[in-house]
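Here is the structure we will look at.
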Amino acid sequence: MRTPSHLGTLRTQVENTKNVLFLRGTRTSETVGDCLKELWAMRKPFGKMMARKNENMHPFDDEASLEFLCQKNDCSLFTVANHSKKRPNNLVIGRTFDGHVLDMAELGIESATTLAQLQVCTTS
Numbered sequence: 102m103r104t105p106s107h108l109g110t111l112r113t114q115v116e117n118t119k120n121v122l123f124l125r126g127t128r129t130s131e132t133v134g135d136c137l138k139e140l141w142a143m144r145k146p147f148g149k150m151m152a153r154k155n156e157n158m159h160p161f162d163d164e165a166s167l168e169f170l171c172q173k174n175d176c177s178l179f180t181v182a183n184h185s186k187k188r189p190n191n192l193v194i195g196r197t198f199d200g201h202v203l204d205m206a207e208l209g210i211e212s213a214t215t216l217a218q219l220q221v222c223t224t225s
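For the numbering used here, add 101 to where a residue sits in the sequence shown, where the first one is 1.
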């Protein structure tokens with residue numbers, strides 16, 4: 102049987118929040134850029150947006166630069182925005198553990214509506 106004091110210590114153990122790194126790829130369309138900014142706004146205190154576009158950022162081909170940036174910025178989650186002819190409006194979301202990429206998901210965005218556009222529509 103566990104004592105109430107022992108159960109109290111179990112409840113106080115909280116997992117650390119995971120920081121998210123938001124990156125722009127070689128080319129980024131306006132749709133994907135807006136989507137990236139909206140995701141960053143939702144994770145604002147625990148998200149870091151990289152200001153410059155990153156040349157040669159291909160998460161599925163070469164993970165080394167992505168792992169380096171995540172480790173340097175102390176982020177265990179990442180989001181990369183890309184736009185190409187083959188894969189238009191592409192968003193790659195993934196997670197890392199111990200400095201290595203665990204898994205990634207590639208999302209195609211057809212249309213996006215920002216929160217500012219929604220507020221304008223509701224007030225009109």
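Beta carbons are placed, not taken as given, at the ideal position from N, Cα and C, and that holds for glycine.
Here the structure is a predicted model, which means the values were calculated and not measured.
Three-state secondary structure assigned by DSSP to residue i
i, result
"Asp204", "strand"
"Lys173", "helix"
"Lys138", "helix"
"Ala217", "helix"
"Ser185", "coil"
"Ser166", "helix"
"Thr129", "coil"
"Met143", "helix"
Nearest-angstrom Cβ-Cβ length linking residue i and residue j, presumed shorter than 8 Å
i, j, result
"Leu192", "Met151", "Leu192 to Met151, Cβ: 15 Å. No contact."
"Leu208", "Ile194", "7 Å"
"Thr197", "Glu168", "6 Å"
Beta-ladder partner(s) of residue i, from DSSP
i, result
"Met150", "Phe123"
"Ile194", "Thr180 and Ala206"
Which listed residue (the options) has its alpha carbon closest to that of residue i
i, options, result
"Asp199", "Pro146, Leu178 and His184", "Leu178"
"Lys173", "Thr118, Lys149 and Ala217", "Lys149"
"Pro146", "Cys136, Val121 and His159", "Val121"
"Gly126", "Val181, Lys119 and Gln218", "Val181"
"Pro189", "Thr118, Thr214 and Val133", "Val133"
"Leu137", "Gln218, Leu219 and Ala213", "Ala213"
"Ile235", "Cys176, Ser130 and Pro160", "Outside the modelled stretch of the chain, which goes from 102 to 225, sits residue 235, for which no answer is possible."
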